[in-house]
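Quick note on numbering: my numbering labels position 71 of the sequence shown as 247, and the sequence is numbered without any gaps. Glycine included, every Cβ here is placed at the ideal spot set by N, Cα and C.
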Amino acid sequence: MHSLGILGVGELTEKVVQGLRRSGFSGAILLSPRNAERAERLAREHACQVMADNQAVVDGADLVLLGVRPASLGELAAQVQLRPGQHLLSLAAGINLEQLAGAFAGAQCVRVMLSYAAQYNQSTVVVCPSDPLTEQALGALGNLVVIEDEAAFELATVAACMNGWFYFLLHDLQQWLSDKGLPADQARALVLGNLQDCLSSAREQPEHTLKALGEAIATPGTFTADGLAVLTHQPVSATWGAACEVVLDGLLTRSR
């Protein structure tokens with residue numbers, strides 16, 4: 177079983193560790209020491225090793241997971257030397273393969289995108305380009321989506337940001353129900369339950385577009401159609417689209 181080294185022990189890489197151990201991964205997980213409190217907790221709770229420095233992480237690992245913010249990439253690259261062909265799995269948004277290869281000469285670089293649901297092995301795990309070792313290492317964290325084109329990977333990164341936005345939409349819907357007198361726990365259960373209903377139906381009917389599935393419910397004369405008419409005339413989709421454009425522009429600017 178391969179060993180995994182983590183450079184940058186933060187919220188997301190913590191979820192990766194939790195999900196890997198939850199899936200039964202028993203290989204060595206080596207942690208960089210900078211975020212000492214979080215690293216020590218992971219070492220204690222999930223049988224990881226906190227190494228003396230970043231180079232020690234690289235030296236002891238078969239695969240290296242890069243979890244630092246893009247702004248810290250240059251500083252980190254100056255501190256470590258990867259072995260020729262050593263796998264570097266990068267979570268750094270907006271840093272393309274060419275930039276990674278320039279910063280970490282000789283490494284086999286792969287871009288990865290996933291969500292906090294990795295801790296429950298329910299994340300969408302996007303890998304670019306196809307790499308069997310990466311897919312094997314991270315596949316247990318959820319549903320693998322393999323992308324060969326970096327332009328498509330940037331769009332997948334925008335989709336990953338949607339993951340965070342959805343919580344705010346769900347909160348607003350829950351809050352409306354609560355404001356009308358429904359207990360918060362029941363409001364939450366109803367909002368999440370109806371979302372799960374949509375997800376289940378959509379996954380079971382891939383031959384239908386998402387719009388078609390909605391239209392089958394919001395038929396003329398139904399209350400769903402009445403509400404949809406309001407949403408159509410006051411579309412939030414324009415705002416969401418603008419948010420997507422801002423993220424995509426930022427990603428493409430960073431990768432130049």
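Stretch pair the stretch 346 to 357 + the stretch 299 to 314: three plus CB contacts closer than 8 angstroms
no
Alpha carbons only, please: which of 179, 196, 183 and 178 is nearest the one belonging to residue 318?
196
Looking at the structure shown, is residue 357 part of a helix, part of a strand, or coil, going by DSSP?
coil
DSSP state of residue 181, grouped into three classes?
strand
Whose C-beta lies closer than 7 angstroms to the C-beta of residue 336 among residues of the same chain, with five residues either side of it excluded?
Once the five neighbours on either side are set aside, the close Cβ partners of residue 336 are 289 and 291.
Member of 430, 274, 417 and 238 whose CA lies at the smallest distance from the CA of residue 259
238
Residue 339: which of 298, 219, 217 and 277 sits nearest, CA to CA?
Among 298, 219, 217 and 277, the Cα nearest to that of residue 339 is on 298.
With a threshold of 7 angstroms on Cβ separation, who are the neighbours of residue 386 within its own chain once the five nearest residues in sequence on each side are excluded?
Hits under 7 angstroms: 378.
DSSP state of residue 197, grouped into three classes?
helix
At what residues does the alpha helix (DSSP H) containing residue 214 begin and finish?
First-last of the alpha helix (DSSP H) with residue 214: 212 to 222.
What span of residues does the beta strand (DSSP E) with residue 284 cover, start to end?
Per DSSP, residue 284 is one residue of the beta strand (DSSP E) stretching across 284 to 289.
Quick one: residues in its chain with C-beta nearer than 6 angstroms to the C-beta of residue 206, no 5 flanking neighbours on either side, listed in chain order?
181, 225, 227, 233, 236 and 237
Select from 332, 402 and 380 the residue whose C-alpha is nearest the C-alpha of residue 303.
332
According to DSSP, simplified to helix, strand and coil, what is residue 334?
helix
Short Cβ contact (8 angstroms threshold) for residue 183 with residue 208:
yes
Nearest by alpha-carbon distance to residue 248: which of 279, 287 and 309 is it?
279
Who are residue 205's beta bridge partners in DSSP?
180.
Tell me where the alpha helix (DSSP H) around residue 320 begins and ends.
Unbroken run through residue 320 is the beta strand (DSSP E), 318 to 322; no alpha helix (DSSP H).
Of all the options 345, 287, 246 and 354, which has the alpha carbon lying nearest to the alpha carbon of residue 327?
287
8 angstroms is my cut-off, CB to CB: does residue 363 come that close to chain D?
Judged by its chain identifiers, the structure shown contains no chain D, having just a single protein chain.
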